[in-house]
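Counted the way the UniProt record's numbering counts, the sequence shown spans residues 1 to 59.
Just so it is clear, CB atoms sit at the ideal spot from N, CA and C, and this is done for glycine as well.
As the structure is a prediction and not an experimental result, all values here were calculated from the model.
As structure tokens, the structure follows; a few thoughts come after it.
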Amino acid sequence: MLALDAARALNENDNTKSIAWLHQPAKGLGGKMPAELLSTSVGVQAVVDLVGRIEHGVY
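Structure (structure tokens):
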């Protein structure tokens, strides 16, 4: 899963931290939990984009 891979990259490949991150509200997603957005390709891309912004310090 693309979004989970991105979350793992953000959390040093720690599955537990990655799953927890997916279930925390994210300011960069308007306060929604990343997991809430994973049912559509647009939502998955929004999560992947957020991870990219976090990795580059732009969130």
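Coil, strand or helix - residue i by DSSP
i: LEU38; result: coil
i: ASP49; result: helix
i: LYS27; result: helix
i: ASN17; result: It is worth fixing the name first, because residue 17 is Lys in this sequence and not Asn. Looking at LYS17 - three-state DSSP - the assignment turns out to be helix.
For residue j and residue i, the rounded distance between their alpha carbons
i: residue 76; j: HIS56; result: One cannot answer for residue 76 here, as it falls past the ends of the chain, which runs 1 to 59.
i: TYR59; j: SER39; result: 23 Å
i: LEU50; j: ALA3; result: 10 Å
Exposed unless 16 or more other CB atoms sit within 10 angstroms - verdict on residue i
i: PRO34; result: buried
i: VAL47; result: buried
i: SER18; result: buried
Cβ-Cβ separation, residue j to residue i (assumed contact under 8 Å), whole Å
i: LEU10; j: TRP21; result: 7 Å
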